[in-house]
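Colleague: Protein chains in written order, with my numbering: chain U, 215 to 639; chain E, 156 to 404. The beta-carbon is built from N, C-alpha and C at its ideal position, and this holds for glycine as well. All values reported here derive from a predicted model rather than from experimental measurement. One structure coming up, written as structure tokens, with questions to follow.
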Amino acid sequence: MGDLIYLKENLLIAWEGIVSNKVRALLTMLGIIIGIGAVIAIVTVGNAMADSVSESMSKLGVTNVLVALQNKNSTDIGLSFLSGSLTESDLISDDMIEKYSELFKDNIEAISLSNVGGAGQAGDGKSYANVTLLGVNEGYETANNVSMLEGRFIRENDLKSRRYVAVVSDKFVNNLFPSNPDCLGKEIKIDTSGSIQTFTIIGVYQYEPPMMATSVAASDKELRTFLYIPISTVNMITSADEGYLAITVNSKSNINMSKFSTDTRDFFNAYYTKNPKFEVSAISLDSMLSIVSDVMGTLSVAVSVIAGISLVVGGIGIMNIMLVSVTERTKEIGMRKALGARNLSIQIQFIVEAVIVSGLGGIIGALLGFGLGFIGSSLLGHPKFPSVGIIVISVLFSMLIGIFFGFYPANKAANLEPVEALRYE
Amino acid sequence: MFESGLESSEKAELNDLNYTMYMRKIVKSFYTGTPHELEILHSIDLFVKKGEFVSIVGQSGSGKSTLMNIIGGLDRPTSGKYLLEGVDMGKLNANQLSDIRNKKIGFVFQTFNLIPRSSALRNVELPMLYAGVGSAERKTKAQELLAMLGMRNRMNHLPSELSGGQKQRVAIARSLANDPAIILADEPTGALDTKTGRMVMDIFHKLHERQKKTIILITHNDTLAEETERILTIEDGHIVTEKATEKIS
Ligand SMILES: Nc1ncnc2c1ncn2[C@@H]1O[C@H](COP(=O)(O)OP(=O)(O)OP(=O)(O)O)[C@@H](O)[C@H]1O
Ligand SMILES: [Mg+2]
Numbered sequence: 215m216g217d218l219i220y221l222k223e224n225l226l227i228a229w230e231g232i233v234s235n236k237v238r239a240l241l242t243m244l245g246i247i248i249g250i251g252a253v254i255a256i257v258t259v260g261n262a263m264a265d266s267v268s269e270s271m272s273k274l275g276v277t278n279v280l281v282a283l284q285n286k287n288s289t290d291i292g293l294s295f296l297s298g299s300l301t302e303s304d305l306i307s308d309d310m311i312e313k314y315s316e317l318f319k320d321n322i323e324a325i326s327l328s329n330v331g332g333a334g335q336a337g338d339g340k341s342y343a344n345v346t347l348l349g350v351n352e353g354y355e356t357a358n359n360v361s362m363l364e365g366r367f368i369r370e371n372d373l374k375s376r377r378y379v380a381v382v383s384d385k386f387v388n389n390l391f392p393s394n395p396d397c398l399g400k401e402i403k404i405d406t407s408g409s410i411q412t413f414t415i416i417g418v419y420q421y422e423p424p425m426m427a428t429s430v431a432a433s434d435k436e437l438r439t440f441l442y443i444p445i446s447t448v449n450m451i452t453s454a455d456e457g458y459l460a461i462t463v464n465s466k467s468n469i470n471m472s473k474f475s476t477d478t479r480d481f482f483n484a485y486y487t488k489n490p491k492f493e494v495s496a497i498s499l500d501s502m503l504s505i506v507s508d509v510m511g512t513l514s515v516a517v518s519v520i521a522g523i524s525l526v527v528g529g530i531g532i533m534n535i536m537l538v539s540v541t542e543r544t545k546e547i548g549m550r551k552a553l554g555a556r557n558l559s560i561q562i563q564f565i566v567e568a569v570i571v572s573g574l575g576g577i578i579g580a581l582l583g584f585g586l587g588f589i590g591s592s593l594l595g596h597p598k599f600p601s602v603g604i605i606v607i608s609v610l611f612s613m614l615i616g617i618f619f620g621f622y623p624a625n626k627a628a629n630l631e632p633v634e635a636l637r638y639e
Numbered sequence: 156m157f158e159s160g161l162e163s164s165e166k167a168e169l170n171d172l173n174y175t176m177y178m179r180k181i182v183k184s185f186y187t188g189t190p191h192e193l194e195i196l197h198s199i200d201l202f203v204k205k206g207e208f209v210s211i212v213g214q215s216g217s218g219k220s221t222l223m224n225i226i227g228g229l230d231r232p233t234s235g236k237y238l239l240e241g242v243d244m245g246k247l248n249a250n251q252l253s254d255i256r257n258k259k260i261g262f263v264f265q266t267f268n269l270i271p272r273s274s275a276l277r278n279v280e281l282p283m284l285y286a287g288v289g290s291a292e293r294k295t296k297a298q299e300l301l302a303m304l305g306m307r308n309r310m311n312h313l314p315s316e317l318s319g320g321q322k323q324r325v326a327i328a329r330s331l332a333n334d335p336a337i338i339l340a341d342e343p344t345g346a347l348d349t350k351t352g353r354m355v356m357d358i359f360h361k362l363h364e365r366q367k368k369t370i371i372l373i374t375h376n377d378t379l380a381e382e383t384e385r386i387l388t389i390e391d392g393h394i395v396t397e398k399a400t401e402k403i404s
């Protein structure tokens, strides 16, 4: 069988066909381009996301355990899922924390407490910078890897005396005192929802962009940074309930994290056995990572489904165009048969054409996905190129679509009767 | 190679007269098996010897092209027997018919029927491609044929860039690609002016005289028909007259 010898010729014939009708060929490829492009782009961005998440998590510290209130019998984890009205007696109290840190002192490095005191502006009376007021304790520094540039962080004495002291970011300093960055000891006025308080700057820390750059970063001038003050001071200003929705426990390294998490949860839950609505969860990095990979898994299934649909639509588009092409070229097919083309040669010709169109679509889609994936992952701060493997597989797969959806039109062409094809006007 | 399927008397007849084409009681109907059944060719007998130059004339719609399609193996008769060079065409499948058309027959049509997206050269290469000839050999042969037909300077042009006469010369070159013994030409001069038609006709004469091709020519032009060795007149699907011209010496 010499029919495959025609492959090169068929490639040429198909190429002539595509070149002579570029717009149509491009439109035909669109479904494939979008399908393949989407898969590659999203897989790339997904990888970058996974990197970004695990990086942020290791920045948070592998040794942290987040202790948080949650609704009883709820599978959702995290404060944003809390429902039902909370009273002060539901919160994690200082008393519990004290007992806890006493009991587990061999395991605990630091306990981080924080409470948002509101967003507002801080300034020296002339200029202002955006801040989020965050009440913290001394353990916050260790648990959250705050790196100090100047001065000191909030200390236990600041909490005890409810001092009006503040630790500000280097960005804040740049905004407020561009000419004279030596600001330790300076007084600033903080305006949060109407009440103005005066604080003394005791330290400057290095600003870190948030974990995931979900929103486009505002200009440095507009940037809102944390302004750390003693948590006791915040509670006084906002007259908040005594107690916490969540605390972060920074454990010593080289301990069994999952056992420590379980022990921690059991310890706090002992206080909540009689509580009708709430209990406490303790999540370590391990469990967070598994949540993240669950989310990523769901995401990639969704993407695969969308891409699959788009590829099927693309395939149907190819079939449609191939059917049109067969009809348009009926006379040509008749002539080829008159010249001695066997059915198989005609069939191969049209399948090759479908495969070229779909394969080209796959290549263009891969390039598109490559570009979009790179841009997307760069925006996440983890520039990534898709692997060669996924590109090869997706191009091969789109060619397979060409074979599948080109088969019926090609068969139709091959089985035309020579006279009838020649008579076709 | 193929079983001939002939009665022994017919076989003798075939051998004696050395027929290239042997047609007995060929009937062609359309819409067979429906109430609209339409018989176009009625029991045609046709014998063509090797190397003959035969013309077929007749009114439009009389069935000339229908007959030619059967002769060329493009279509199958509804009934009757047709042997081409001793091969029973009724016993061949589609691929075997393709091979016969490829190697034994060269088609020339009124409308040229060139592949529009391929150059003159590639059009001429096509029958050789389907015959499995290697690309270098194909190219050389196609160039030779085009040169022979005076198309040396137009080889890489697309059909749309050629005049009618040029297109027909490409089509003739293509029909000669696999050096077939038989040329079937269905009104090859029909779309050409008198002068160009003359040129095409001269090509056929040369092919007949120098290469001993068997040629069957359908034409509406009586003058051209007179130049062939034998004229068959078809009327309503019957061969009504067969006239040998003085060409036969
Ligand atoms: N596939 C077909 N289906 C139905 N009728 C057909 C078909 N092919 C040919 N015919 C009919 O057969 C008759 C003969 O057609 P044919 O093409 O052989 O005529 P012709 O002698 O070649 O005419 P012309 O000189 O105009 O080319 C016509 O009446 C035509 O309508
Ligand atoms: Mg006709």
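(1) At which residue ranges does the region 182–228 of chain E contain complete beta strand (DSSP E) runs of 3 or more residues, listed in the order of the chain?
(2) Ligand 1 heavy atoms versus the CB of I394 of chain E: any closer than 6 Å?
(3) From the DSSP output, in three-state form, read off Y145 of chain E for me.
(4) According to DSSP, is M306 of chain E helix, strand or coil?
(5) Is it right to say V540 of chain U is buried, meaning 16 or more other beta carbons lie within 10 angstroms of its own, or is it exposed?
(6) Any beta carbon of chain E sitting closer than 7 Å to that of V633 of chain U?
(7) Could you tell me whether the region 516–529 of chain U touches the region 245–257 of chain U, where touching means 3 or more Cβ pairs closer than 8 Å?
(8) Just to confirm, are E280 of chain E and R293 of chain E a CB contact at a threshold of 7 Å?
(9) Going along chain E in order, which residues have a C-beta closer than 7 Å to the C-beta of N557 of chain U?
(10) For E316 of chain U, count the other beta carbons within 10 Å of its own beta carbon; 16 or more makes it buried, fewer makes it exposed. Which is it?
(11) For S183 of chain U, go through chain E and note every residue whose CB falls closer than 8 Å to its CB, in chain order.
(12) Could you run through the region 292–320 of chain E and flag, in chain order, every residue whose CB is less than 7 Å away from some CB of chain U?
(13) Is G349 of chain U helix, strand or coil by DSSP?
(14) Got a sec, what are the start and stop residues for the beta strand (DSSP E) Q335 of chain U sits in?
(15) Please identify the residue among U:I254, U:N235, U:N470, U:V267 whose C-alpha is closest to the C-alpha of L594 of chain U.
(16) Which residues of chain E have a Cβ atom closer than 8 Å to the Cβ of A552 of chain U, listed in chain order?
(17) Measuring from the CB of K219 of chain E, is there a heavy atom of ligand 1 at a distance below 6 Å?
(18) Could you give the C-beta distance for I604 of chain U and V569 of chain U, rounded to a whole number, given that I count them as a contact under 8 Å?
(19) Does any residue of chain U have a CB that is nearer than 7 Å to the CB of N278 of chain E?
(20) Opposite L387 of chain E in the DSSP bridges: which residues?
(21) Looking at the structure shown, is A282 of chain U part of a helix, part of a strand, or coil, going by DSSP?
(22) Given a cut-off of 7 Å, decide if V281 of chain U and A496 of chain U are closer than it, judged by their beta-carbon atoms.
(23) Would you be able to state if there are at least three C-beta pairs under 8 Å between the region 245–257 of chain E and the region 306–322 of chain E?
(24) Nearest to V182 of chain E by alpha carbon, out of E:D334, E:K367, E:M303, E:N224?
(25) Is the closest heavy atom of ligand 1 to the C-beta of G216 of chain E under 6 Å?
(26) Would you say M510 of chain U faces chain E, with C-beta separation under 7 Å as the test?
(27) Can you give the Cα-Cα distance for F264 of chain E and A326 of chain E, rounded to whole angstroms?
(28) Taking 7 Å as the CB-CB limit, is P232 of chain E close to chain U?
(29) Compare the C-beta of M536 of chain U against all C-beta atoms of chain E and say whether one is closer than 7 Å.
(30) Does ligand 1 have a heavy atom nearer than 6 Å to the CB of F185 of chain E?
(31) Taking the C-alpha atoms as reference points, what is the distance between G216 of chain E and G579 of chain U?
(32) Please state the DSSP three-state secondary structure of V253 of chain U.
(33) Check distances from the C-beta atoms of the region 592–615 of chain U to those of chain E and list, in chain order, the residues that come in under 9 Å.
(34) List the residues that DSSP assigns as beta-bridge partners of L331 of chain E.
(35) Run the proximity test for I195 of chain E: is its beta-carbon closer than 6 Å to any non-hydrogen atom belonging to ligand 1?
Modeller: Well, looking at it:
(1) If we require 3 residues or more, the beta strand (DSSP E) runs fully inside the region 182–228 of chain E come out as 193–204, 208–213.
(2) In this structure, I394 of chain E has its CB at a distance of at least 6 Å from all heavy atoms of ligand 1.
(3) Nothing about residue 145 of chain E can be reported from this structure: the residues present for chain E run from 156 to 404 only.
(4) Correct three-state label for M306 of chain E: coil.
(5) Around the beta carbon of V540 of chain U, 16 or more other beta carbons lie within 10 angstroms, which makes this residue buried.
(6) Under the 7 Å criterion on CB atoms, V633 of chain U is classed as interfacial with respect to chain E.
(7) The region 516–529 of chain U vs the region 245–257 of chain U: in contact.
(8) In this structure, E280 of chain E places its C-beta atom within 7 Å of the C-beta atom of R293 of chain E.
(9) Per Cβ cutoff of 7 Å: A249, N250.
(10) Burial call: exposed.
(11) There is no way to answer for residue 183 of chain U, as the model of chain U reaches only from 215 to 639.
(12) Listed in sequence order: no entries.
(13) Here G349 of chain U sits in strand by DSSP.
(14) Per DSSP, Q335 of chain U belongs to the beta strand (DSSP E) from 328–337.
(15) Ranked by Cα distance from L594 of chain U, the first of U:I254, U:N235, U:N470, U:V267 is U:V267.
(16) Simply G227, L229, R256, F262, N268.
(17) Within the cutoff, so yes.
(18) Not really, about 20 Å apart at Cβ, beyond 8 Å.
(19) No, N278 of chain E does not count as interfacial toward chain U.
(20) BP columns for L387 of chain E point to E:I211, E:E397.
(21) DSSP, read as helix, strand or coil, puts A282 of chain U in strand.
(22) Inclusion of A496 of chain U and V281 of chain U in the CB contact set at 7 Å is warranted, their separation being smaller than that value.
(23) As far as the Cβ criterion goes, the region 306–322 of chain E does not touch the region 245–257 of chain E, which means the pair count is below three.
(24) Between V182 of chain E and the set E:D334, E:K367, E:M303, E:N224, the nearest pair of CA atoms involves E:N224.
(25) The answer is yes for G216 of chain E.
(26) Answer no: the Cβ-Cβ gap between M510 of chain U and chain E never drops below 7 Å.
(27) Computed Cα separation, rounded: 8 Å.
(28) Cβ-Cβ to chain U under 7 Å: no for P232 of chain E.
(29) The beta carbon of M536 of chain U does not come within 7 Å of any beta carbon belonging to chain E, so the residue lies off that interface.
(30) Yes, since a heavy atom of ligand 1 falls inside the 6 Å radius drawn around the Cβ of F185 of chain E.
(31) The C-alpha of G579 of chain U is placed about 54 Å away from the C-alpha of G216 of chain E.
(32) In the three-state reduction of the DSSP assignment, V253 of chain U falls in the helix class.
(33) Answer in chain order: no residues at all.
(34) Answer by DSSP bridge pairing: none, since L331 of chain E is not bridged.
(35) Within the cutoff, so yes.
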